[in-house]
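This report concerns only the one structure given below.
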Amino acid sequence: MIREKDILQVGQTQKPHGVRGELVLVFRDAAYSVVAADFYFLEMDGIPVPYFVEEFRSTSDVAARVKFQEIEDMESASRLVNKRVFLPRKLVEAAREDAGNDWNYFIGFDVMDQNGEHVGTIREVDDSTLNVLFVVVREEEEQLIPATEDFILAIDEEKGLIEMHLPEGLLER
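Everything in the sequence shown is counted per our numbering, starting at 7 for the first residue and increasing by one.
Encoded structure:
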């Protein structure tokens, strides 16, 4: 079973292209478009399902046309439209190092505060403003935590854990 901590969302499928079953794949970051992948996970009914790449053509720095094995026509490709696309974290690590700080890498990591208290799990990254935020969920409640190295005390990639020094009052409800 694939664990959420073992994969990272790198993009989303868009519309079918042509009649041979190709799909347009849009990446969250240009660094992900150059990761050499034999397969991608597509989220189908909440479960990551592997699809093996038959052909891959970059169309821009953040988009590509992908032909998956066993997807032979537009109708089959249409069933894969608007699906979240994931890669194994290990494949993405090199792209992350080359691109510098990519906070999306930490999606799925658990956050602990400086007292060892579980704060929640990072579900997404809000980078719509200059101040990037982790969207951390605990018991269906969202908390926004600044994604800054100033707050990070330790990162355990093996356990999928980030220990953060959170200012007093940041998590108060």
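Positions of the beta carbon are idealized from the N, C-alpha and C atoms, including for glycine.
Note that the coordinates shown come from a computational prediction; the quantities given were computed from them, not determined experimentally.
Find out if the Cβ-Cβ distance for the pair residue i, residue j is shorter than 8 Å.
| i | j | result |
| --- | --- | --- |
| V6 | V131 | In the structure as shown, the chain starts at 7 and stops at 179, and residue 6 therefore has no counterpart that could be examined. |
| E78 | G27 | yes |
| R34 | Q15 | yes |
| I151 | L167 | no |
What are the boundary residues of the beta strand (DSSP E) that residue i is part of?
| i | result |
| --- | --- |
| E6 | No answer is possible for residue 6: it lies beyond the span of the chain, which begins at 7 and ends at 179. |
Measure the beta-carbon distance from residue i to residue j and round it to whole angstroms, keeping in mind my assumption that it falls under 8 Å.
| i | j | result |
| --- | --- | --- |
| V59 | V72 | 6 Å |
| L29 | L97 | Going by Cβ atoms, the distance from L29 to L97 rounds to 19 Å, so no, they are not a contact pair. |
| K11 | G122 | Not a contact, Cβ separation roughly 19 Å. |
| E169 | M118 | 5 Å |
Using DSSP with H/G/I as helix, E/B as strand and the rest coil, what is residue i?
| i | result |
| --- | --- |
| R95 | helix |
| D12 | helix |
| A224 | The question about residue 224 has no answer here: the residues shown for the chain are numbered 7 through 179. |
| F45 | strand |
Within the continuous alpha helix (DSSP H) that includes residue i, where are the two ends?
| i | result |
| --- | --- |
| A83 | 80-84 |
| Y38 | 36-39 |
Okay, do the segment 89-100 and the segment 140-160 touch, 3+ Cβ pairs below 8 Å being the bar? With a cut-off of 8 Å, the segment 140-160 and the segment 89-100 do not count as touching, because too few Cβ pairs lie within range.
Counting beta carbon pairs with one atom in the segment 61-73 and one in the segment 31-39, are three or more of them shorter than 8 Å? Output reads yes: the segment 61-73 touches the segment 31-39.
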